[in-house]
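As numbered in our numbering, residues 9 to 461 make up the sequence shown, in order. Glycine residues also receive a C-beta, built at the ideal position from the N, C-alpha and C atoms. Data first, discussion second: the structure below is written as structure tokens.
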Amino acid sequence: VEQKVFLCPGLLKGVYQSEHLFESDHQSGAWCKDPLQASDKIYYMPWTPYRTDTLTEYSSKDDFIAGRPTTTYKLPHRVDGTGFVVYDGALFFNKERTRNIVKFDLRTRIKSGEAIIANANYHDTSPYRWGGKSDIDLAVDENGLWVIYATEQNNGKIVISQLNPYTLRIEGTWDTAYDKRSASNAFMICGILYVVKSVYEDDDNEATGNKIDYIYNTDQSKDSLVDVPFPNSYQYIAAVDYNPRDNLLYVWNNYHVVKYSLDFGPLDSRSGQAHHGQVSYISPPIHLDSELERPPVREISTTGPLGMGSTTTSTTLRTTTWSTGRSTTPSVSGRRNRSTSTPSPAVEVLDDMTTHLPSASSQIPALEESCEAVEAREIMWFKTRQGQMAKQPCPVGTIGVSTYLCLAPDGIWDPQGPDLSNCSSPWVNHIAQKVNHGADKKGFAKTKCSVVD
Numbered sequence: 009v010e011q012k013v014f015l016c017p018g019l020l021k022g023v024y025q026s027e028h029l030f031e032s033d034h035q036s037g038a039w040c041k042d043p044l045q046a047s048d049k050i051y052y053m054p055w056t057p058y059r060t061d062t063l064t065e066y067s068s069k070d071d072f073i074a075g076r077p078t079t080t081y082k083l084p085h086r087v088d089g090t091g092f093v094v095y096d097g098a099l100f101f102n103k104e105r106t107r108n109i110v111k112f113d114l115r116t117r118i119k120s121g122e123a124i125i126a127n128a129n130y131h132d133t134s135p136y137r138w139g140g141k142s143d144i145d146l147a148v149d150e151n152g153l154w155v156i157y158a159t160e161q162n163n164g165k166i167v168i169s170q171l172n173p174y175t176l177r178i179e180g181t182w183d184t185a186y187d188k189r190s191a192s193n194a195f196m197i198c199g200i201l202y203v204v205k206s207v208y209e210d211d212d213n214e215a216t217g218n219k220i221d222y223i224y225n226t227d228q229s230k231d232s233l234v235d236v237p238f239p240n241s242y243q244y245i246a247a248v249d250y251n252p253r254d255n256l257l258y259v260w261n262n263y264h265v266v267k268y269s270l271d272f273g274p275l276d277s278r279s280g281q282a283h284h285g286q287v288s289y290i291s292p293p294i295h296l297d298s299e300l301e302r303p304p305v306r307e308i309s310t311t312g313p314l315g316m317g318s319t320t321t322s323t324t325l326r327t328t329t330w331s332t333g334r335s336t337t338p339s340v341s342g343r344r345n346r347s348t349s350t351p352s353p354a355v356e357v358l359d360d361m362t363t364h365l366p367s368a369s370s371q372i373p374a375l376e377e378s379c380e381a382v383e384a385r386e387i388m389w390f391k392t393r394q395g396q397m398a399k400q401p402c403p404v405g406t407i408g409v410s411t412y413l414c415l416a417p418d419g420i421w422d423p424q425g426p427d428l429s430n431c432s433s434p435w436v437n438h439i440a441q442k443v444n445h446g447a448d449k450k451g452f453a454k455t456k457c458s459v460v461d
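What follows is the structure in structure tokens.
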């Protein structure tokens with residue numbers, strides 16, 4: 009059964025700056041939410057070269073704006089770039105001066121794994137335009153966890169890999185035709201890469217404009233040149249992160265912490281054409297110039313993760329486990345004057361046009377093909393396509409992921425109800441982590457006794 013948490017909202021056709029939260033003391037950084045957690049928690053990491061090793065958590069947007077942290081996490085390694093994400097209770101980040109992705113469990117404060125992204129350029133070899141050691145960028149979308157980077161084998165152009173968040177194995181890799189150092193940032197929606205090109209304050213001219221100018225559909229292994237206007241009020245975009253739960257972009261732009269809202273157009277699954285063509289999509293095949301030369305497609309595996317077609321490359325992976333990390337007392341990261349500015353005016357989109365694009369990796373299902381939203385076992389289950397497994401965080405007081413199957417062909421929820429077999433108490437999970445990570449028997453017994461006492 010294909011497992012997806014969120015339905016694909018469709019093809020991106022408009023981007024608007026919708027909310028300004030505050031101005032930080034740091035020109036660059038990143039912030040995000042965990043899409044698999046229903047809470048209002050916000051995770052915040054300003055970036056300073058060679059000194060970034062702390063993640064700050066806020067319990068709500070109000071606390072975030074007011075600078076009232078809930079806790080901080082001292083990480084086992086320093087961080088390169090602003091490409092971190094939080095996914096299903098774990099932080100994923102690029103370990104400084106390496107091509108490695110580290111997984112850090114926020115519940116137990118334990119480093120639970122490390123994976124090498126084979127051949128990935130790192131530490132300002134192929135960063136985004138602004139630099140900042142942003143060579144390796146993590147992203148999440150409706151299809152899971154992704155890594156966006158570049159390799160010498162692909163001539164410094166962007167490579168996309170899908171990373172299993174639990175095994176840290178690479179499950180699919182796609183070469184694109186876009187030079188990574190020319191990109192300001194990139195993000196994933198429904199298995200489609202969107203590349204942002206924007207003006208920076210030190211640029212001699214603004215001829216490049218501010219727009220999404222390239223997309224790559226991993227389901228079809230095809231790309232397109234596009235022209236979607238992208239807001240850039242402060243001219244130093246350092247991070248753009250998509251959240252599939254609320255369909256918003258979490259952006260850091262020249263000290264400013266802002267949110268962007270998105271407009272989507274549904275796709276016609278028969279023709280691959282969008283019904284609302286307010287964006288200029290250049291239909292493949294594309295005649296690319298020398299700067300955007302198309303790489304050869306290397307088809308090794310035709311079945312990727314989550315039922316996706318994939319173009320994979322040979323990858324080397326090393327996964328290891330680690331012992332406990334350290335925590336620190338909450339501290340307020342540097343900020344400037346905080347404000348809740350009125351939303352910026354919407355950016356004009358292009359005139360209506362006929363559009364052409366390869367089919368997206370996830371189509372919006374017809375209503376009759378879906379199980380409607382329902383509350384069961386104290387959990388809100390969102391509309392889910394028949395034959396798919398919905399996943400939600402476990403009920404309050406427990407941790408883990410619960411599931412609920414939408415049966416095909418009837419489009420009804422499983423009469424047996426949600427499966428909560430993976431839900432457990434934080435203490436049980438902590439002990440399990442210690443056992444799995446090779447804690448000695450004496451240490452295990454000592455932990456158990458201290459809890460019982």
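Which residue wins for smallest C-alpha separation from residue i, given the options the options?
i: serine 232; options: Lys267, Gln243, Tyr186, Asn262; result: Tyr186
i: aspartate 33; options: Pro401, Tyr263, Ala123; result: Tyr263
i: serine 36; options: Gly89, Tyr58, His85; result: Gly89
i: valine 155; options: Asn213, Arg76, Pro54, Asp145; result: Asp145
i: glutamine 424; options: Ala46, Tyr268, Leu114, Leu415; result: Leu415
i: asparagine 213; options: Asp227, Glu386, Gln243, Ser68; result: Gln243
i: valine 94; options: Arg107, Tyr58, Thr60, Lys111; result: Lys111
i: aspartate 221; options: Tyr208, Pro237, Ser229, Ile118; result: Pro237
i: glycine 91; options: Ser68, Trp55, Arg117, Lys230; result: Trp55
i: arginine 147; options: Asp418, Asp42, Arg393; result: The amino acid occupying residue 147 in the given sequence is alanine; arginine does not appear at that position. Considering only alpha carbons, the answer is Asp42.
i: leucine 413; options: Glu179, Glu380, Leu176; result: Glu380
i: threonine 133; options: Thr80, Asp235, Ile166, Trp182; result: Ile166
i: threonine 411; options: Asp418, Pro417, Leu428; result: Leu428
i: serine 190; options: Asn151, Ile178, Val203; result: Val203
i: valine 13; options: Ile407, Leu153, Gln400; result: Gln400
In the DSSP output, what is residue i paired with across the bridge?
i: tryptophan 138; result: Bridge partners of tryptophan 138: none, in fact.
i: glutamine 170; result: Trp154, Gly180
i: leucine 19; result: Gly273
i: lysine 165; result: Asp187
Using the Cα positions of residue i and residue j, report the straight-line distance between them to the nearest angstrom.
i: glutamate 5; j: glycine 199; result: Shown here, the chain extends from 9 to 461; a query on residue 5 therefore has no answer.
i: valine 23; j: aspartate 71; result: 26 Å
i: glutamine 161; j: asparagine 127; result: 8 Å
i: proline 84; j: alanine 215; result: 42 Å
i: lysine 391; j: cysteine 402; result: 18 Å
i: serine 331; j: aspartate 149; result: Summary for serine 331: the model assigns pLDDT 34, below 50, so the residue's position carries little reliability; its value from the coordinates is reported in the next sentence. Straight-line Cα distance between these residues: approximately 30 Å.
i: lysine 219; j: proline 426; result: 42 Å
i: proline 252; j: serine 47; result: 14 Å
i: aspartate 422; j: asparagine 430; result: 17 Å
i: alanine 158; j: glutamine 45; result: 30 Å
i: glutamine 281; j: glycine 18; result: For glutamine 281, the predicted model reports a pLDDT of 40, less than 50, meaning its position is unreliable; a value from the coordinates is still stated below. If I take the Cα positions, the gap works out to 11 Å.
i: threonine 184; j: alanine 246; result: 22 Å
i: serine 229; j: alanine 194; result: 17 Å
i: serine 142; j: histidine 131; result: 7 Å
i: glutamate 31; j: glycine 139; result: 21 Å
i: valine 87; j: aspartate 418; result: 48 Å
i: aspartate 77; j: aspartate 211; result: Here the sequence assigns proline to residue 77, which means aspartate is not the residue at that position. Those two C-alpha atoms are separated by around 36 Å.
i: threonine 79; j: arginine 59; result: 19 Å
Here's the rule I'm using: 16 or more other beta-carbon atoms within 10 Å means buried, otherwise exposed. How should residue i be labelled?
i: methionine 196; result: buried
i: threonine 320; result: Confidence at threonine 320 is low in this model, with a pLDDT of 43, below 50, so the placement of that residue is unreliable and no value is reported for it.
i: glycine 217; result: exposed
i: isoleucine 420; result: exposed
i: aspartate 96; result: buried
i: alanine 398; result: buried
i: asparagine 163; result: exposed
i: glutamate 383; result: exposed
i: serine 241; result: exposed
i: arginine 115; result: exposed
Rounded C-beta distance between residue i and residue j? I'm assuming under 8 Å.
i: serine 192; j: serine 206; result: 4 Å
i: lysine 49; j: threonine 62; result: So it is not a contact: roughly 16 Å between Cβ atoms.
i: leucine 257; j: valine 248; result: 6 Å
i: threonine 260; j: tryptophan 39; result: Checking the displayed sequence, the identity of residue 260 turns out to be tryptophan instead of threonine. 7 Å between Cβ atoms; contact.
i: glutamate 122; j: asparagine 102; result: Actually they are not in contact, since the Cβ atoms of glutamate 122 and asparagine 102 sit about 11 Å apart, beyond 8 Å.
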